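Residue numbers (the working numbering): 25 to 577.
Glycine included, every Cβ here is placed at the ideal spot set by N, Cα and C.
Just so we're clear, the structure is a prediction, and the values are computed from it rather than from any experiment.
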């Protein structure tokens, strides 16, 4: 009888959480404040006198938005483009700054996984973004001989944009933002964590999606391994993209039902113990060669040195994500993949202090311990893996981390590793006080994938910061299918009744045992406090404060 009562109460509790998530709509303005209108004309923004800022234009437009806004564009010296949207028909007192992806180079406001948030949907939130100090050059060439652009990309660009945007808002509306938020995915997620670590007072709430916070390792050994692990002695690809569907089918056949529901996604791929060598046979339609199976294992496991020492965290690409491995598995010989392009752009211009080598090739990168430590030293200013967010917590800041389990670009293990490092550094209770982690089954990089891939991650943050209500479930949808995603380590389990495409029929369950995945690797010391340093541009060179060497383990 006790177990029945427990099951019933669990379902009622889950239903209450789900109802709260579905029904909550943030207030029209913080603390019920009346909407604020500008105290100056939009065109007058170009005449604002802000040190080091030049405004190019400020015009009222709608440009497809739900409400008219003052579109501002300017430059923060020396070369950080800032673009802003300032509502003219009723600002709610909120400011949202958005991040950018890749190596940035463009200034475009992107409401990643937040378009359904009410202040965005009705156009009443002020927002801004930056190109982070350079324009174009996604091949990394912008960094050659331009140390200031490297600093702005690393950490300064987002910070000075926050400062300038708040100053403009204060002049435009006659008052500063009541609440300030940052949201970004991929490199935008790195930017988010960099803000929490270096500038804890810039934002009240920070949302970091699929963060590339271990940027140097990510854009060197991780992406380079995606390529070299799939080449034979003659430089030809071993595994081609036409083999990916049969690999995916085999993975799902082996593991899809582990969570009690055969639904085409894995709610925790770490539980899947798939062995690609079991696919080796002579039937080309359903099997792999031994060489192909070896590549599949290497791509899943991640980069290692000749002695088996891990050069990135365990599990580089989760089982269940195979259909999106086209990011690094080409369709034909001779093709250049995304992974090769991103690794070369970084290795040529950003991986090493004051080095620009446009002739660098992947064959020049050695997968050895000595090479690893030489390469990761630039993490001191480029990466955002410091797990001590005590200053951000003391400032009242809130943090939401989120990642897709089927991310083909950045392993969710990197975010899990950072989350675990935070708890080890600050204590679990302290982390739970200001931070939540969401892992979305079947979600690829920032969007897409086989699972429900559209959700509103910003509204829970607004509710947490402004009303003190900690986030519960986030509802992800794909067509007519919806699923709740609960704060880690809880997972969604079908309650046994109703449609499995309806989020209302799932309850939160905390697994009794967390699947064993190790975070012991050569770069584990990157996830410690105190390695970050500051840099200056001096006579055309990047000069960084000595700090300490990146610790070895």
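Beta-bridge pairing of residue i - partner residues as DSSP gives them
i	result
residue 300	Note: residue 300 sits in no beta bridge, so no partner.
residue 131	DSSP, once it has assigned bridges, lists no residue as partnering residue 131.
residue 78	99
residue 275	Bridge partners of residue 275: none, in fact.
residue 85	93
residue 323	DSSP output for residue 323 lists no bridge partner at all.
residue 208	232
residue 462	426
residue 560	567
residue 551	Its beta-bridge partners do not exist; DSSP assigns none.
residue 120	151, 205
residue 478	501
residue 510	Answer is none; residue 510 lacks a bridge partner.
residue 312	304
residue 263	DSSP output for residue 263 lists no bridge partner at all.
residue 349	Looking at the DSSP assignment, residue 349 forms no beta bridge with any residue, so it has no partner.
residue 115	60
residue 255	261
residue 473	467
residue 328	334
Distance CB(residue i)-CB(residue j) smaller than 8 Å
i	j	result
residue 338	residue 541	yes
residue 121	residue 206	yes
residue 475	residue 466	yes
residue 185	residue 149	no
residue 412	residue 449	yes
residue 370	residue 557	no
residue 543	residue 441	yes
residue 232	residue 257	no
residue 214	residue 250	no
residue 285	residue 296	no
residue 90	residue 113	no
residue 321	residue 334	no
residue 202	residue 416	no
residue 362	residue 351	yes
residue 132	residue 153	yes
residue 69	residue 196	yes
residue 403	residue 240	yes
residue 407	residue 550	yes
Opening and closing residue of the beta strand (DSSP E) in which residue i lies
i	result
residue 97	93-100
residue 108	104-111
residue 436	Run containing residue 436: none in the beta strand (DSSP E); it sits in the alpha helix (DSSP H), 436-450.
residue 517	515-518
residue 530	530-533
residue 290	Here residue 290 belongs to no beta strand (DSSP E), and DSSP marks it neither H nor E.
residue 500	498-502
residue 405	From DSSP, residue 405 is part of no beta strand (DSSP E) but of the alpha helix (DSSP H) over 403-406.
Rounded C-alpha distance that separates residue i from residue j
i	j	result
residue 392	residue 252	14 Å
residue 418	residue 455	12 Å
residue 147	residue 96	15 Å
residue 308	residue 209	39 Å
residue 124	residue 212	5 Å
residue 535	residue 487	27 Å
residue 204	residue 501	27 Å
residue 45	residue 372	Any reading at residue 45 must be qualified, since the residue scores a pLDDT of 39, below 50, and its modelled position is unreliable; the value itself is stated next. About 46 Å.
residue 518	residue 344	20 Å
residue 98	residue 137	26 Å
residue 545	residue 200	45 Å
residue 562	residue 379	15 Å
residue 158	residue 100	11 Å
residue 318	residue 262	10 Å
residue 48	residue 510	Caution applies to residue 48, whose pLDDT of 43 falls short of 50 and renders its modelled position unreliable; the model cannot decide the point.
residue 383	residue 60	55 Å
residue 51	residue 76	Low local confidence applies: a pLDDT of 48 at residue 51 is under 50, so the model's placement there is unreliable, with the coordinate-based value given in what follows. Each residue's alpha carbon lies about 36 Å from the other.
residue 39	residue 537	With a pLDDT of only 39 at residue 39, under the threshold of 50, the placement of this residue in the model should not be trusted; the figure read from the coordinates follows. Distance between the alpha carbons of residue 39 and residue 537: 25 Å.
residue 291	residue 389	35 Å
residue 63	residue 364	51 Å
residue 489	residue 161	37 Å
residue 143	residue 485	13 Å
residue 74	residue 66	16 Å
residue 569	residue 304	53 Å
Limits of the alpha helix (DSSP H) - the one that residue i falls within
i	result
residue 370	362-373
residue 200	Premise fails: residue 200 is in no alpha helix (DSSP H) and is neither H nor E.
residue 250	247-252
residue 417	414-418
residue 392	Counting along the chain, residue 392 falls outside any alpha helix (DSSP H), and DSSP gives it neither H nor E.
Residue i CB to nearest heavy atom of the ligand SAH below 7 Å
i	result
residue 566	Ligands in the displayed structure: none, and consequently the ligand SAH is not present.
Kindly provide the ranges of any beta strand (DSSP E) runs that are 3 or more residues long and lie completely inside the stretch 216-241, ordered along the chain.
229-233
What are the uninterrupted segments assigned as alpha helix (DSSP H) that are 4 or more residues long and contained completely in the stretch 136-174, given in chain order?
You should have 142-145.
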